[in-house]
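In this note's numbering, the protein residues as written are 12 to 425. Reading through the structure tokens given below for one structure.
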């Protein structure tokens, strides 16, 4: 016969006992699970055994009573160290704000280091030349900054195949400036002025001649001096690019989107384009800015060049290109490696030029005669009165008269 009272394990009231407890137990002893302090002594058990000492926490390991799981409210479980509970239950340290901010700070610091490193790397790739020199009679610095931008017919960077495809020829002696532009950056909207390469002007030390001959006679240094004398503008910075450099830059950014109103064909420039909107690769872009197969010849080509430069810089400074390292890094690397600048120019200066060329006012030097007969062949004669008004406005930081802003419009070839 068992020594345990009948029904002692039930949760409800026991027959002949107090509600929820053992016979003879008090209310204070009526807790979860049986209370062992008042249990009768089992035969052979010492009065002070461990079974009785463990009342309220379950019997010791040698007891016949099954071990009970700890209460969820126990100190051990509250700190994630309870026995039998899920790993880290109630004690997992989540992503605290301080830890998140620390990770963000590390990422930002790494990005800044990368950006600074790339800046100095690309800045070091620029080909700097002693182009702008002081001389007697050089115009004085004035409002804003003036950039002389040139595109030469240098074949450097082109492969033999590209020279054949682009019809550029090979082993051309000397270099000529196919493109001559003056960019004025002042308080108002930037102004981009084309100077026709056949402009008939005074070349220091060489007399009257077509302005592109200055590049052939004395490189960019003599060209800069000639432009300053002819315009009366102080040139602050110089930037030049050759045929090969243009091809590499356009390819680096994945081409330039252009909308052409009519077909453009010119075997001499290796150009074969259909009408409509399309993306020009490097080879096509070079043919596009080189062709003179228009009724207005070089004057129309200048408009095409200005439109192309605007499209090119819009692409290079677009959010999609800047935020995409797979586009921005090759573009920056290609541009930095292809450009020749004056010794005082930095990559920061070039970035300001890039944004200025996104949407400038565009025009050509006012022309009096586009077919002036000279000893150097057909040349372009400036309208000196209007040209003076234009360049004086840029020098003085005043608004250029609207009638002198010719704009840029594309057209198909003849």
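Even for Gly, the Cβ is constructed at its ideal location relative to N, Cα and C.
**Request:** Please say whether residue 298 and residue 281 have beta carbons closer to each other than 7 angstroms?
**Result:** yes
**Item:** Cβ distance (whole Å) where residue 190 is taken to contact residue 162 below 8 angstroms
**Value:** 3 angstroms
**Message:** As a quick exercise: from 274, 213, 267, 424, pick the residue whose alpha carbon is nearest that of residue 306.
**Reply:** 424
**Simplified DSSP state of residue 138, which is helix, strand or coil** = strand
**Beta-carbon contacts of residue 198 that lie in its chain and below 8 angstroms, excluding the five residues immediately before and after** = 154, 155, 408
**Prompt:** With a CB to CB cut of under 7 angstroms and the five nearest residues on each side skipped, what residues in its chain are close to residue 320?
**Reply:** 368
**Prompt:** Taking 7 angstroms as the CB-CB cut-off, is residue 137 touching chain C?
**Reply:** The structure shown contains no chain C; it holds only a single protein chain.
**Item:** Nearest-angstrom Cα separation, counted from residue 419 out to residue 193
**Value:** 15 angstroms
**Request:** Give the straight-line distance between the Cα atoms of residue 293 and residue 272, rounded to the nearest whole angstrom.
**Result:** 20 angstroms
**Request:** Pick out the complete beta strand (DSSP E) segments inside the segment 375 to 404, 3 residues or longer, and give them in chain order.
**Result:** 378 to 385, 388 to 393
**Message:** Here's the rule: buried if 16 or more other CB atoms are within 10 angstroms of the residue's CB, otherwise exposed. What is residue 113?
**Reply:** exposed
**Asked** On the three-state DSSP scale, how would you describe residue 101?
**Response** In this prediction, residue 101 has a pLDDT of 48, which is less than 50 and means its spatial position is unreliable; what the coordinates show is noted afterwards. It is coil, neither helix nor strand.
**Asked** Is the beta carbon of residue 139 less than 7 angstroms from the beta carbon of residue 352?
**Response** yes
**Asked** Skipping 5 residues on each side, what residues in its chain have a beta carbon closer than 7 angstroms to that of residue 315?
**Response** 299, 300, 421
**Item:** Own chain partners of residue 283 with C-beta closer than 6 angstroms, once the 5 adjacent residues on each side are dropped
**Value:** 276
**Asked** Is it right to say residue 354 is buried, meaning 16 or more other beta carbons lie within 10 angstroms of its own, or is it exposed?
**Response** exposed
**Asked** Between the segment 319 to 336 and the segment 237 to 244, do at least 3 Cβ pairs fall closer than 8 angstroms?
**Response** no
**Asked** Are the CB atoms of residue 2 and residue 394 nearer to each other than 7 angstroms?
**Response** With the chain running from 12 to 425 in the structure shown, residue 2 is simply not present.
**Prompt:** To which residues of the same chain is residue 214 closer than 6 angstroms at the C-beta, ignoring the five residues directly before and after it?
**Reply:** 220, 225, 237
**Request:** Have a look at the DSSP bridge pairing and note the partners of residue 251.
**Result:** 161, 351
**Request:** Identify the continuous alpha helix (DSSP H) that holds residue 313 and give its terminal residues.
**Result:** 309 to 327
**Request:** Just the C-alpha distance for residue 371 and residue 279, rounded to the nearest angstrom, thanks.
**Result:** 30 angstroms
**Prompt:** If residue 244 sits next to residue 110, beta carbons under 8 angstroms apart, how far is it from one beta carbon to the other, in whole angstroms?
**Reply:** With a Cβ gap of about 58 angstroms, residue 244 and residue 110 do not count as contacting.
**Prompt:** Hey, residue 134 and residue 188: beta-carbon distance below 7 angstroms or not?
**Reply:** no
**Asked** Can you list, in chain order, the residues of its chain whose CB lies under 8 angstroms from that of residue 349, leaving out five sequence neighbours each side?
**Response** 168, 252, 253, 255, 256, 257, 259, 260
**Message:** Going by beta-carbon coordinates alone, are residue 313 and residue 417 separated by less than 7 angstroms?
**Reply:** no
**Message:** Considering only their Cβ atoms, is the gap separating residue 377 from residue 398 smaller than 7 angstroms?
**Reply:** yes
**Span of the alpha helix (DSSP H), counted from its first residue to its last, around residue 422** = It is not in any alpha helix (DSSP H) - residue 422 carries neither H nor E in the DSSP assignment.
**Asked** In chain order, which continuous runs of the beta strand (DSSP E) of length 3 or greater are located wholly inside the segment 234 to 305?
**Response** 248 to 252, 267 to 271, 275 to 277, 282 to 284, 287 to 291
**Message:** What residue range does the beta strand (DSSP E) around residue 220 cover?
**Reply:** 218 to 221
**Request:** Please classify residue 373: does DSSP put it in a helix, a strand, or coil?
**Result:** strand
**Continuous beta strand (DSSP E) stretch holding residue 415: start and end** = Looking at the DSSP string, residue 415 is not in any beta strand (DSSP E), and its letter there is neither H nor E.
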